[in-house]
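Enquirer: So the sequences go chain by chain: A and B. Quick note on numbering: the first sequence equals residues 8 to 192 in the working numbering. Quick note on numbering: the second sequence equals residues 8 to 192 in the working numbering. For every residue, glycine included, the Cβ atom is placed at its ideal position computed from N, Cα and C.
Protein chains: 2
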Amino acid sequence: MRRRQIAEAMWRVTVARSLEGTSMRHVAAEAGVSVGMMQHYFRTKDEMLLFALDSMTEQVSRRIGERFAELADPDDPKHQVRAALVETLPLDEERRLEAFVGCAFLTRAAVDTRFADYLRDGHRQGHAYLVEQINRGGRPCDAAEEAHVLLALVNGFTLGVLAGQCTAQQALAAVEARLDALFGP
Amino acid sequence: MRRRQIAEAMWRVTVARSLEGTSMRHVAAEAGVSVGMMQHYFRTKDEMLLFALDSMTEQVSRRIGERFAELADPDDPKHQVRAALVETLPLDEERRLEAFVGCAFLTRAAVDTRFADYLRDGHRQGHAYLVEQINRGGRPCDAAEEAHVLLALVNGFTLGVLAGQCTAQQALAAVEARLDALFGP
DNA sequence: ACTGTTCCAATACGTCTGTATCGTACTGAA
DNA sequence: TTCAGTACGATACAGACGTATTGGAACAGT
């Protein structure tokens with residue numbers, strides 16, 4: 008699919024030049040296509056950006072589903088949550104790219120309500136899922152608040168790792184420590 | 008000071024239009040001055056951006072110092088840390104503006120090493136300060152790791168509040184819960 | 001009074017942006 | 001074979017961008 012090919016080029020350009028440096032011409036050059044072709048598949052730049060974001064969240068959630076299927080006990084809440092959260096941390100080069108693009112869109116969301124709405128939806132779903140799992144297998148606590156803490160922790164550490172302020176291993180250790188506190192060791 | 012006046016205009020423009028929308032002409036219009044005058048005080052745009060960032064971090068740390076002076080027990084580590092962290096959360100409109108501008112620069116740092124170096128320095132100082140306070144008044148723990156957790160928590164919740172994913176009160180409650188866990192209630 | 005410097009406004013220049021437009025292959029149906 | 005529609009490439013266009021240039025007040029030093 009051409010749209011997907013363009014979206015992946017957009018990710019790479021965003022990593023190299025950040026969102027503000029991501030122009031139509033740069034994406035087209037990175038994808039090895041003409042600007043005219045991009046206009047054929049995306050009527051406007053925003054349409055392309057939103058597709059690139061959507062395409063990426065889809066890729067991440069598909070991968071999380073794969074991890075779920077690989078679990079020894081697919082119904083264990085702690086291992087499910089662990090698999091889901093770890094899959095979003097920038098632990099290798101591929102996930103680092105995804106995290107970077109995600110952060111770029113997140114800051115964009117602070118200004119542009121269209122992106123904010125999209126990300127808010129995703130956040131809500133993630134939060135609801137975490138609440139469900141915490142209630143199912145966690146120690147007694149305020150599941151809604153703990154879910155927010157988990158998400159903030161993952162986002163904060165992702166940012167920290169990307170900015171070179173701490174290592175991915177530190178992030179992983181902190182998230183796992185929090186999971187131990189929630190679900191038991 | 009003219010430079011300060013321009014910097015404050017730059018903050019407002021960044022909040023309204025994000026960093027990519029922050030042009031010389033817009034900042035000049037917001038500050039009520041001519042582009043030529045801005046060029047007189049800042050030879051290039053990057054010079055202006057770096058001054059605006061520096062000026063803002065200075066403002067925040069000055070305000071943190073004021074909070075320290077207002078503490079009943081200025082030497083209590085927990086209340087000091089609490090004051091410092093709370094002062095960076097987007098709890099009111101002024102701090103929301105600062106947090107917003109900080110996030111904008113954070114994405115810039117992903118591409119431009121000058122901004123990355125500046126922010127990394129600030130993070131290192133904040134981390135060192137937290138480690139010191141945790142060691143001084145906290146329960147026995149890995150102070151370095153706990154400091155990273157605190158910073159990630161503040162950053163993650165700041166982002167979440169700005170993107171409309173959770174409320175400032177939730178962020179505050181989570182940070183205070185973490186402080187209770189670290190220092191005792 | 002002359003001169004140099006600082007402060008600032010106006011404007012011009014070249015580049016980059018998103019997008020509109022035009023032209024041209026190719027495809028499948030009638 | 002004709003024709004409509006799709007899938008592009010090439011180019012044009014208007015505007016915004018950062019910055020260089022120019023020129024003129026205001027002021028200081030001599």
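#1: Which residue marks the beginning of the alpha helix (DSSP H) containing residue 148(A), and which one marks its end?
#2: Under 8 Å, do residue 96(A) and residue 175(A) count as touching if we go by C-beta distance?
#3: Kindly indicate which residue of 27(A), 149(A), 158(A) has the alpha-carbon position closest to the one of residue 118(A).
#4: So residue 63(B) and residue 20(B) are supposed to be a Cβ contact under 8 Å. How far apart are they, rounded?
#5: Contact defined as beta carbons within less than 8 Å: I believe residue 185(B) pairs with residue 160(B). What is the distance between those atoms, to the nearest angstrom?
#6: Thinking residue 31(A) and residue 8(A) are a contact (beta carbons under 8 Å), I'd like their distance in whole angstroms, please.
#7: Please compile the residues from chain A whose C-beta is within a distance smaller than 7 Å of the C-beta of residue 110(B).
#8: Whose Cβ in chain B lies nearer than 9 Å to the Cβ of residue 107(A)?
#9: Which residues of the segment 165 to 184 of chain A have a Cβ closer than 9 Å to any Cβ of chain B? Give them in chain order.
#10: Kindly indicate if chain A contains any beta-carbon less than 8 Å away from that of residue 25(B).
#11: Give, in chain order, every residue of the segment 22 to 52 of chain B whose Cβ lies closer than 9 Å to some Cβ of chain A.
#12: Show which residues of chain B have a CB atom less than 9 Å away from the CB atom of residue 88(A).
#13: Alpha helix (DSSP H) containing residue 29(B): first to last residue?
#14: Taking the alpha-carbon of residue 69(A) as reference, which of 103(A), 151(A), 90(A) has the nearest alpha-carbon?
#15: What are the boundary residues of the alpha helix (DSSP H) that includes residue 133(A)?
#16: With a Cβ-Cβ cutoff of 8 Å, do residue 152(A) and residue 177(B) count as a contact?
#17: Could you give the distance in angstroms between the alpha-carbon of residue 65(A) and the alpha-carbon of residue 173(B)?
#18: Are there three or more Cβ pairs, one per stretch, closer than 8 Å when the segment 79 to 88 of chain B is compared with the segment 129 to 144 of chain B?
#19: If we define contact as Cβ-Cβ less than 8 Å, is residue 139(A) a contact residue for chain B?
#20: Contact defined as beta carbons within less than 8 Å: I believe residue 106(A) pairs with residue 165(A). What is the distance between those atoms, to the nearest angstrom?
#21: Going by C-alpha distance, which of 111(A), 158(A), 114(A) is nearest residue 133(A)?
Expert: Let's see:
#1: Along the first sequence, read from residue 1 onward, the residue named residue 148(A) stands at position 141. Element bounds for residue 148(A): n/a, residue is neither H nor E.
#2: What you label residue 96(A) is simply residue 89 of the first sequence in a count that begins at 1. What you label residue 175(A) is simply residue 168 of the first sequence in a count that begins at 1. Yes; because the gap between Cβ atoms is below 8 Å, this pair is in contact.
#3: Taking the first sequence and counting its residues from 1, the one referred to as residue 118(A) is at position 111. Cα-wise, what sits closest to residue 118(A) is 27(A).
#4: Here the question's residue 63(B) lines up with position 56 in the second sequence. Here the question's residue 20(B) lines up with position 13 in the second sequence. Actually they do not touch by this definition, with Cβ atoms about 13 Å apart.
#5: As a first step, residue 185(B) must be located in the second sequence, where it is residue number 178. As a first step, residue 160(B) must be located in the second sequence, where it is residue number 153. With 8 Å as the limit, residue 185(B) and residue 160(B) qualify as a contact, their Cβ atoms being about 6 Å apart.
#6: Locating residue 31(A) in the first sequence gives position 24, where the first residue counts as 1. Locating residue 8(A) in the first sequence gives position 1, where the first residue counts as 1. Not a contact, Cβ separation roughly 19 Å.
#7: The sequence position of residue 110(B) within the second sequence is 103, counting from 1. Near residue 110(B) (Cβ distances below 7 Å), the residues of chain A are 114, 117.
#8: On the first sequence, residue 107(A) is found 100 positions in, with the first residue counted as 1. Ordered by position in chain B, the residues that pass the 9 Å Cβ test against residue 107(A) are 117.
#9: Within the segment 165 to 184 of chain A, the qualifying residues are 165, 166, 167, 169, 170, 171, 172, 173, 177, 178, 180, 181, 184.
#10: Numbered from its first residue, the second sequence carries residue 25(B) at position 18. True, the Cβ-Cβ gap to chain A drops below 8 Å.
#11: Residues 22, 23, 24, 25, 26, 27, 28.
#12: As a working note, residue 88(A) is residue 81 in the first sequence. Correct list: empty, because the minimum Cβ distance to chain B is about 16 Å.
#13: Along the second sequence, read from residue 1 onward, the residue named residue 29(B) stands at position 22. Neither: residue 29(B) is in no alpha helix (DSSP H) and is coded neither H nor E.
#14: Along the first sequence, read from residue 1 onward, the residue named residue 69(A) stands at position 62. When the alpha-carbon of residue 69(A) is set against those of 103(A), 151(A), 90(A), the nearest one is in 90(A).
#15: Looking up residue 133(A) in the first sequence gives position 126. Its alpha helix (DSSP H) spans residues 120 to 144.
#16: Taking the first sequence and counting its residues from 1, the one referred to as residue 152(A) is at position 145. Taking the second sequence and counting its residues from 1, the one referred to as residue 177(B) is at position 170. Less than 8 Å separates the beta-carbon of residue 152(A) from that of residue 177(B).
#17: What you label residue 65(A) is simply residue 58 of the first sequence in a count that begins at 1. What you label residue 173(B) is simply residue 166 of the second sequence in a count that begins at 1. One C-alpha to the other measures close to 23 Å.
#18: Yes, they touch.
#19: In the first sequence, residue 139(A) corresponds to position 132, counting from 1. No, residue 139(A) does not count as interfacial toward chain B.
#20: In the first sequence, counting from the first residue as 1, residue 106(A) sits at position 99. In the first sequence, counting from the first residue as 1, residue 165(A) sits at position 158. Yes, they are in contact, since the Cβ atoms of residue 106(A) and residue 165(A) sit about 5 Å apart, within 8 Å.
#21: Position 126 of the first sequence, counting from 1, holds the residue named residue 133(A). Nearest of 111(A), 158(A), 114(A) to residue 133(A), Cα basis: 158(A).
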